[in-house]
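From first to last, the protein sequence lines are chains R and G.
All the letters of the first sequence, read from the start, carry residue numbers 1 to 282 under UniProt numbering.
All the letters of the second sequence, read from the start, carry residue numbers 1 to 322 under UniProt numbering.
Built from N, CA and C at the ideal position, the CB exists for glycine as well.
Here the structure is a predicted model, which means the values were calculated and not measured.
One structure is given here, and the rest of the page talks about it.
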Amino acid sequence: MKPFTAALALSLAAALPTAALFAGPVLFTGAALAAGASDTDAERLARWNEIRTSIFGDKAVQPTDTLVTVDAPVRALDAALVPITLTMPEKDKVAGVSLVIDDNPSPYAANITFGPAADPGEIKLRVRVNNYTNVHAVVRTKDGGLFETAKFVKASGGCSAPMGMSDEEAMKGMGDMRMKFAEAAPGAKSTEATLMIRHPNFSGMQMNQITRDYTPARYIQKVVVSQGDRNILTLDGDISIASNPVINFAFLPEGKAPVTVVASDNQNGRWEHSFPVPSPSN
Amino acid sequence: MVAQVGLTRPVAGGFRANRREALFGGLCLCCLPTLGRAAEGFALDEVGLGIFIRRGPDAEATADNADAIANIGFIVGERSVLVTESGGSLADGQWLRAEIRKRTDKPISHVVLTHVHPDHCFGAEAFEADKPVFIGHHALRSALDARGEYYRTRLVEILGADRAGRVVYPTLEVADGAEVDLGGRSLTFHAHGTAHTNCDLSMRDSASGLLFPADLLFVARIPSLDGSLLGWLKEAEVLKAMGADAAVPGHGPTRVAFAPALADLTRYLGTLRDETRKAVAADMPIEKAVATIGRSEAKNWALFDLYNGRNVTQAFKELEWE
């Protein structure tokens, strides 16, 4: 697998000039007119093949109905915040999962690698969707296989939607984090957690309302979540992740060590926080 | 002193008729064949003396309705005319301008751009030849910079380039308050904090006492949240303190009793706030919150299913960091 780079964005740079026009919340209808909406299935397949090769090289990626499913609204209510749930029922086989939003200007939205402390049954993320698009999930199994599934999402303008506030305001508290632990059922080995990170995740396609220039891309590139020295997950992110990223995951707590989160962005921002794990109720 | 909804019948004698003559230069309105009938099938209600408002239908922008979906209209003073809202497209603005000219020859001195949304400000181009003062919130210019071209692109897709209208910037930017004198009546403006959007401007007419909260007040049509939920509830209190008996909402009937209409709005927003806070506290994921919050309000609003989920998303985003 190729390293996580912006090269893919360049290969699809033709999408940028028009995409930059889609800026506001969609408050009136006619969304079917978005640029990608008239694409044929053959064009979508060709695009996916190009993206797939660029990320996974020549490795075979087989379709799956069982290893991973993508849940997303068919029509996004807010293109700048589209909730995505990845479900991986055969979780013992799973080493990692990639999320690709085919028609976004930078399609490779996220790559998650699970560590020994993970419970990789379910991941929730919030993404930006710039166009009517397939959203692909590709699972990597521990024996080295690649399996894909997709869901079609109707949305437009998510990457260039303005924040509705100044850049300074959007950056307020950047790097602050919260972690919520769900109350585990008695006897359960796994604990669900929600990680919230304050970060504007500027896409590079949003116009600064004061200077009237595009705000340079500034986005979370890497999030490493661990308990003690046991890794839970590592997330590589991109501009398709919604501002103030929120990630839901599950892990297998052991002992009393806190959960630590190290997040870094593409402009050398680095933030580290620790969260005490609630003691088991039984 | 003025006037219930639908004051379109002749008023015999007395102060009101004299005043009417003063406003309209002696033209007897009731004799105009076009009164109350618009070229595109819209009526204008005279909601106060010299105040004419078109009710926008509770619909989304389409090629057929030319995005004429907001309550727009005009106020006639002794000297000049103020346009309360410009319309949703160049076509809508042109329609309004023609309606004004059927009723008065007085110069159009002011056009109010109440906020950035296209159904309220894309008719402005129709009035440019009148060289009016375009009045807007101090944050409107930057909001138009951020979104104006996007809105125009979408309108062109729906209506075609010749009917969509251009982005027009305010020439009078209201920082806090402002007052405009039309002769015999004045309009007082208030620039609100982030609420429905980040650039909401309200207006009060001295002659009628009517409040023009624009989209800070939705009636019948579901409010759309594009600014701040808590901010909107706060600005609702600011509006309430203005003490108006009646108002011209941005959407809905052209004239309403203000207190109950505002109570309906704040009930919906309050429901959104309370149920979203509860969902956040219970670690409910946002997609479930979108599907469950506010359902008790479904029967109360037109277009509920189109906007409620989006409103919940906005509310969730705002409240999850409390």
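Residue 250/R and residue 119/R do touch by the CB rule: their CB atoms are close to 4 Å apart, below 8 Å. Our two residues, residue 200/G and residue 132/G, have alpha carbons roughly 20 Å apart in a direct line. Residue pairing for residue 263/R: DSSP places it in a beta bridge opposite 223/R and 271/R. At least one C-beta of chain R is nearer than 9 Å to the C-beta of residue 286/G. If you draw a straight line from the Cα of residue 309/G to the Cα of residue 73/R, it comes to about 11 Å. With respect to the 9 Å criterion, residue 68/G and residue 57/G are classified as neighbours on the basis of their beta carbons. Within chain R, no residue has its CB atom less than 9 Å from the CB of residue 173/G, the nearest being about 14 Å off. Residue contact with chain G for residue 78/R: present (Cβ-Cβ distance below 9 Å to some residue of chain G). At a cut-off of 9 Å between beta-carbon atoms, residue 198/R makes contact with chain G. DSSP links residue 121/G through a beta bridge to 87/G. Secondary structure note for residue 241/G: its alpha helix (DSSP H) is the uninterrupted segment 229-241. Between residue 204/G and chain R, the shortest Cβ-Cβ separation is not below 9 Å.
Buried is the label assigned to residue 104/R, since at least 16 other Cβ atoms lie within 10 Å of its Cβ. Across the segment 214-248 of chain G, CB contacts with chain R closer than 8 Å involve 224, 226 and 227, in sequence order along the chain. Within chain R, no C-beta atom comes nearer than 8 Å to that of residue 169/G; the closest sits roughly 12 Å away. Nearest to residue 234/G by alpha-carbon distance, out of 272/G, 266/G and 101/G, is 266/G. Proximity of residue 300/G to chain R, defined by a Cβ-Cβ separation below 9 Å, is not satisfied. The criterion of a C-beta distance shorter than 9 Å is satisfied by residue 155/G and residue 89/G. Taking the Cα of residue 224/R as reference, the smallest distance to any Cα among 45/R, 93/R, 189/R and 260/R is reached at 260/R. In the three-state reduction of the DSSP assignment, residue 241/R falls in the strand class. Within 10 angstroms of the beta-carbon of residue 281/G lie fewer than 16 other beta-carbons, which makes it exposed.
Shown here, residue 167/R sits in a helix according to DSSP, grouped into three states. Counting along the chain, no alpha helix (DSSP H) covers residue 108/R; the unbroken beta strand (DSSP E) around it starts and ends at 108-114. Rounded to whole angstroms, the Cβ separation of residue 316/G and residue 276/G is 6 Å, and the two are in contact under 8 Å.
According to the DSSP assignment, residue 278/G belongs to no beta strand (DSSP E) but to the alpha helix (DSSP H) extending over 258-281. With 16 or more other Cβ atoms from the protein chains shown falling within 10 Å of its own Cβ, residue 192/R counts as buried.
With a contact defined as Cβ atoms closer than 8 Å, residue 166/R and residue 130/R miss out at about 23 Å. Nearest Cα to residue 123/G within the set 284/G, 153/G, 164/G and 106/G: 164/G. Residue 191/G: member of the beta strand (DSSP E) spanning 186-191, first to last residue. Separation of residue 111/G and residue 174/G (C-alpha to C-alpha, rounded to the nearest whole angstrom) is 13 Å. According to DSSP, residue 177/R shares a beta bridge with 197/R.
Look at residue 168/R: its C-beta is not under 9 Å from any C-beta on chain G.
Around residue 317/G, the beta-carbon contacts reaching into chain R at under 7 Å are 81. Within 7 Å of the CB of residue 283/G, the CB atoms of chain R belong to 180, 182 and 194, in sequence order along the chain. For residue 248/R, the pairing in a beta bridge is given by DSSP as 124/R and 194/R. In this structure, DSSP gives residue 92/R a helical state, which the three-state scheme calls helix.
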